[in-house]
Amino acid sequence: MSGCLTLALGPVAQAENLTTVGGVTYTDITISKVEPDGIRILHSGGAARIPASQLSAHFKQQHSLTNFVATLTPPVEAPQTIVTLDGKTYAKSIIKRIEPDRLFIIYEEGATVLEFTNLSADMQKKYGYDPVKAQEMALKREAEEKARVEKLLSAKNTAAAPHPGTPPPVAIHPIAIAAAPAPAPNPEPKAAAPSETGKSISLVDLVQLAESIDLAREEERSRLGGTVNWRPPDDYYDYWYWYYANKRGENAARQAKQAVASGNRSTWSTAVAQAREMLKQPADIPPIKSWLEKFIKTSELAGTRNRDDYHRRCKELLDDLDFLLKADAKP
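Now the structure itself:
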C-alpha cells in the first residue's frame, strides 16, 4: 500500500533450554549467530556468548555445529607486561585464549585482543604463531564476513513477488516517516518514491540490530569465561539514558542507569528487553546510526581503553544499519 512501510517477518526459531559443559543453564534460548569458535544466544535473561568448548556433543550434533575452530589452551603463568609494536603497554596481562592470529588477554584495565602481527618475535614464538595458519584464519573470517553481508542483503530481497496486475507495494524511508508533516485536507495524490531495491525492511533484522548492541556488552565477558569485571564505555550508558529519557521519561532513564552502575544484572536485562521493543520501530534507525557514528569518532580521538572489541562491533553494526537504510526507499 502506498505510503506504508512494509515490515517482513522472517522465520522464528523454536526456543529451547541449553546447559553448558560447566553446568550453566540458559532457558528459552535461540541461537542468534554461529561464530568460528562459539555461538551467540538470546535467552530468557538476556544475551550471552557460549564458547564451543562449553557446548555438549549432543547439542553440537543436534544443531549441526561441527565446524568450530580449535583454539589453544594458554599456559598457566604469572601476569606479565606486554608491549605491542605500536607502543601500547598492557600491565599485569594474563593470556586467556590463543587463536592462530591473535591473543585474548585480561590486564589491569580490562580486556582486549592482540594481533600476533603487532607482537614481538619472542611473543610470537612463545605462543606458537604460525603465519600460514594465521592467514588461513584471516581468510576464513573474511569469507564469513562476506557471507554475513550477502545474507543481510539477501534478506532485503526476499519479499514476496506481487500478483500479476497488482502494483508492487512502495516502502517509505524511515527518515521520511519521522519527518513527514501531517497531510493537508484532501491532498492531491502523489506517487511515492520507488524503493532502491523494490523490497522492504525486515522487522527481524531491526530486532537483531538492537540485540547486537546488548551482545557487544556481553561478548568479552563470555569469551573470557566470565572472569572479567568488564563494562562498556560510558557512551553506551549515555545512549541508553538518552533513549529512555525520550521514550520512557527521566525517572525510568535514571533508574536504568543506576541499575547498570550498581551491577544489577536483573534490572539491566529488563531495561534492555524494553529497549529492544522500542527499537522495533524503523524510525529509530537514524538516531542509532547517529549515536554509533559519534561513538566511533570520539573513541578514535580519545583512544580505545577497554574498547577495542566493542569498537569493532559498533562498526559492524553501523555497516548493518547502512545496508538497512539503502535497502529501504529513498525519501
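In terms of this note's numbering, the sequence shown opens at residue 5 and continues consecutively. Glycine is no exception: its CB is placed at the ideal position from the N, C-alpha and C atoms.
Residue i, buried or exposed, once every other Cβ within 10 Å from all chains shown has been counted against 16
i	result
residue 116	buried
residue 68	exposed
residue 26	exposed
residue 62	exposed
residue 51	buried
CB contact flag (residue i, residue j, <8 Å)
i	j	result
residue 24	residue 58	yes
residue 85	residue 123	no
residue 96	residue 112	yes
Unbroken alpha helix (DSSP H) run spanning residue i, endpoints
i	result
residue 65	61–66
residue 32	Counting along the chain, residue 32 falls outside any alpha helix (DSSP H), though it belongs to the beta strand (DSSP E) covering 29–39.
Same chain only: Cβ atoms within 6 Å of residue i, ignoring 5 sequence neighbours per side
i	result
residue 37	44
residue 93	87
residue 107	99, 118
For residue i, the first and last residue of its enclosing beta strand (DSSP E)
i	result
residue 125	That residue, residue 125, is in no beta strand (DSSP E); its alpha helix (DSSP H) goes 125–130.
residue 57	Counting along the chain, residue 57 falls outside any beta strand (DSSP E), and DSSP gives it neither H nor E.
residue 87	84–87
residue 23	20–23
residue 103	93–103
residue 69	Per DSSP, residue 69 belongs to no beta strand (DSSP E) and is neither H nor E.
residue 111	106–111
residue 42	42–47
Rounded Cβ spacing between residue i and residue j (contact assumed at less than 8 Å)
i	j	result
residue 56	residue 105	Not a contact, Cβ separation roughly 17 Å.
Own chain partners of residue i with C-beta closer than 7 Å, once the 5 adjacent residues on each side are dropped
i	result
residue 98	83, 109, 110
residue 133	120
residue 60	25
residue 90	122
residue 128	120
residue 66	none
residue 137	104
Cβ-based neighbour list, residue i, same chain, cut-off 8 Å, excluding 5 preceding and 5 following
i	result
residue 140	104
residue 145	40
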